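So for the sequence shown, numbering that gives the first Met the number 0 puts the first residue at 0; every next one is plus one. Report on one structure; see the data block that follows.
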Amino acid sequence: MKEGYIEIDGKAVKNIGITDTLIGPNGLKYKIDKFTQEAEMVILKAVKPMSGEPSSIKMYVSELHNYTVIEK
């Protein structure tokens, strides 16, 4: 895997960033807030948080394969 690439849905996605919108397994939309300094973890913010759901999620970058990227 080249630097700056993340694999999602089995495909390398180049330079995924905060302008990308993702749909989670729960059907909610998220934007990437930031990556940790080591780029091992990512923080996602919900576009429209639902009551009872967290407004942000911190997860390992490797877990992003459960999310679908919406084209910009």
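Using N, Cα and C, we set each Cβ at its ideal position, and we do this for glycine too. Computed from a prediction, not measured in an experiment: that's the story for all the values here.
| query | result |
| --- | --- |
| Through-space distance from glutamate 52 to alanine 38, alpha-carbon basis | 25 Å |
| Residue nearest to threonine 35 in terms of C-alpha spacing, selected from Glu62, Ile69 and Lys57 | Lys57 |
| Cβ pair valine 46, lysine 28 closer than 7 Å | yes |
| Of the listed residues Pro24, Thr18, Thr20 and Asp19, nearest to asparagine 65 (C-alpha basis) | Pro24 |
| Inter-residue spacing [alpha-carbon to alpha-carbon] between valine 68 and threonine 20 | 6 Å |
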